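To get the numbering used here, take the position in the sequence shown, counting from 1, and add 2. Reviewing the structure listed below.
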Amino acid sequence: MPHAEVDAQSHVVRSTLNYFLDPAKGGYKDFWFGTVGEKRRPFEYVEVPITDIRGSEDEFHLDKQGFQHVREPATEKEFVDLETIKNVYYPECAELVKRMTGASRVHVMGHVCRRQSWDEFRERTKEMEDMDRTPVPTTARYIHVDYSYDGARTRLDFYLPREAEKLSKTRWAIINLWRPIGNTVTRENLTMCDARSVDDSELRPVIARFRRPGDEENLNPVTRAAYNRNDVETWSVAPPSRKDQHKWYYCSKLEPEEALLIKIYDSKKTGVARRTLHTAFVCDEDYGPPRESVEVRTLVFWEDQDNE
3 MPHAEVDAQS HVVRSTLNYF LDPAKGGYKD FWFGTVGEKR RPFEYVEVPI
53 TDIRGSEDEF HLDKQGFQHV REPATEKEFV DLETIKNVYY PECAELVKRM
103 TGASRVHVMG HVCRRQSWDE FRERTKEMED MDRTPVPTTA RYIHVDYSYD
153 GARTRLDFYL PREAEKLSKT RWAIINLWRP IGNTVTRENL TMCDARSVDD
203 SELRPVIARF RRPGDEENLN PVTRAAYNRN DVETWSVAPP SRKDQHKWYY
253 CSKLEPEEAL LIKIYDSKKT GVARRTLHTA FVCDEDYGPP RESVEVRTLV
303 FWEDQDNE
């Protein structure tokens with residue numbers, strides 16, 4: 003059973019999570035990435051228990067539940083200077099992911115820093131239009147997988163177009179590395195759903211649209227790179243058919259010297275977790291300053307393993 007990995011006395015909080023809302027009830031099958039409207043979409047709200055893995059961290063693994071805790075200090079602390087992040091932090095992340103997974107190669111796709119809470123964002127943007135661009139990145143308080151199985155392949159084709167066909171013939175994955183910045187996380191933590199507790203039939207495709215007419219001339223070179231790509235399919239998930247069916251976990255009081263590895267996609271079809279639903283969440287125990295975090299997305303390759 004998915005809960006067997008944690009002690010019976012493990013701490014449990016309750017939170018209302020934002021599940022996929024059927025379009026027939028007013029939900030959306032797509033959204034414009036990086037716009038204010040992305041955060042205004044309606045969802046189906048479901049209260050769930052979320053179990054703390056603190057003290058049982060070693061029982062959770064990328065290939066089993068779909069996520070894993072690591073303790074690995076980073077050289078970079080502030081995550082303000084773009085060149086330092088790319089030249090110092092990216093290589094550290096690649097080496098960490100490679101070491102933790104046994105992969106033969108890791109390619110960093112990019113990163114996002116989040117320093118503003120969902121509520122602060124909503125207050126700041128309440129007078130803005132849905133299609134206005136987001137002023138700053140904020141927490142993602144809705145259940146998602148960054149890329150569906152098909153969407154993951156579009157990312158491989160986008161970032162490594164000359165090698166994609168060859169690399170796709172052996173096992174490959176997309177793994178995110180999520181780390182707090184500056185302070186211990188005491189609010190809007192991240193929760194991950196045990197991949198074994200969600201069937202593929204429950205997943206719902208949601209298209210993230212990146213190109214917006216008229217944007218090109220207004221974007222700086224860094225921002226333009228994020229928008230100048232094709233639409234990509236992501237995943238949400240339907241509300242559980244049985245109470246407490248989906249097994250949600252978090253790691254309390256994460257520190258900047260710690261990180262979470264989260265599997266977004268795995269081409270291996272059997273015997274491993276292939277995708278991990280995750281979301282920021284709030285609960286009655288939240289306190290302290292807004293959560294700040296950095297998330298790095300990586301393409302991971304095992305060129306000596308097949309996809310079966």
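Even for Gly, the Cβ is constructed at its ideal location relative to N, Cα and C. Quick caveat, the model's predicted, so the values are computed rather than measured.
Checklist entry - In terms of residues, what are the limits of the alpha helix (DSSP H) holding Ala76? => result The residue you call residue 76 lines up with position 74 of the sequence shown. Element bounds for Ala76: n/a, residue is neither H nor E.
Option nearest Asp134 by Cα separation, candidates Ser269, Phe33 and Thr281 = The sequence position of residue 134 within the sequence shown is 132, counting from 1. Out of Ser269, Phe33 and Thr281, Phe33 has the C-alpha closest to the C-alpha of Asp134.
Using three-state DSSP, classify Ala166 as helix, strand or coil. Looking up residue 166 in the sequence shown gives position 164. Correct three-state label for Ala166: helix.
Between which two residues does the beta strand (DSSP E) containing Thr103 stretch? On the sequence shown, residue 103 is found 101 positions in, with the first residue counted as 1. DSSP places Thr103 outside any beta strand (DSSP E); the residue lies instead in the alpha helix (DSSP H), whose first and last residues are Tyr92 to Thr103.
- request: Could you round the C-beta distance between Gly153 and Thr278 to whole angstroms and report it? I think they count as a contact, below 8 Å.
  value: By 1-based counting over the sequence shown, the position of residue 153 is 151. By 1-based counting over the sequence shown, the position of residue 278 is 276. In fact, because the Cβ distance is near 14 Å, the residues do not count as touching under 8 Å.
* Exposure label - Val298; buried when at least 16 CB within 10 Å -> Counting from one through the sequence shown, the residue named residue 298 turns up at place 296. Under the 10 Å beta carbon count, Val298 is surrounded by 16 or more other beta carbons and is classified as buried.
| What do you get for Lys79, buried or exposed, if any count of 16 or more other CB atoms within 10 angstroms of its CB means buried? | Here residue 79 corresponds to residue number 77 of the sequence shown, with the count starting at 1. Its Cβ having fewer than 16 others within 10 Å, Lys79 is exposed.
- Using the rule of at least 16 other Cβ atoms within 10 Å of the residue's Cβ for burial, across every protein chain shown, is Tyr21 buried or exposed? For the purposes of this step, residue 21 is taken as residue 19 along the sequence shown, with counting starting at 1. Buried.
Here's a check: name, in chain order, each residue in its chain whose Cβ is nearer than 6 Å to the Cβ of Thr225, leaving out the five neighbours to either side. On the sequence shown, position 223 is the one that residue 225 refers to. Per-residue confidence for Thr225 stands at a pLDDT of 48, beneath the threshold of 50, marking its modelled position as unreliable; the derived number appears in the next sentence. For Thr225, same chain residues with a beta-carbon under 6 Å away, outside a window of 5 residues either side, do not exist.
Going by beta-carbon coordinates alone, are Phe81 and Gln70 separated by less than 8 Å? Translated into positions along the sequence shown, residue 81 becomes position 79. Translated into positions along the sequence shown, residue 70 becomes position 68. The answer is no: Cβ separation not under 8 Å.
| task | Within 10 angstroms of the Cβ of Arg73, are there 16 or more other Cβ atoms? Answer buried if so, exposed if not. | result | Counting from 1 along the sequence shown, the entry for residue 73 is found at position 71. Exposed: under 16 other Cβ atoms inside 10 Å.
| query | Which residues in the same chain have their Cβ closer than 7 Å to the Cβ of His109, if we skip the five residues on either side of it in sequence? | reply | For this step, residue 109 is matched to residue 107 along the sequence shown. Correct list, in chain order: Tyr161, Leu162, Thr300 and Leu301.
message: Can you give me the C-alpha to C-alpha distance between Asn230 and Met194, rounded to a whole angstrom?
response: Taking the sequence shown and counting its residues from 1, the one referred to as residue 230 is at position 228. Taking the sequence shown and counting its residues from 1, the one referred to as residue 194 is at position 192. Any reading at Asn230 is ruled out, since the residue's pLDDT is 49, under 50, leaving its predicted position unreliable.
*Taking the alpha helix (DSSP H) that Arg157 falls in, what are its first and last residues?*
Taking the first residue of the sequence shown as position 1, residue 157 is located at position 155. Per DSSP, Arg157 belongs to the alpha helix (DSSP H) from Tyr151 to Tyr161.
Check: Is Asn191 closer than 8 Å to Ile266 when the C-beta atoms are compared?
Finding: Start at 1 with the first residue of the sequence shown, and residue 266 comes out as number 264. Start at 1 with the first residue of the sequence shown, and residue 191 comes out as number 189. Taking 8 Å as the cut-off, the beta carbon of Ile266 is found no closer than this to the beta carbon of Asn191.
Decide if Tyr47 is buried, meaning its Cβ has at least 16 other Cβ atoms within 10 Å, or exposed. To locate residue 47, count along the sequence shown from 1; it is residue 45. Label assigned to Tyr47: exposed.
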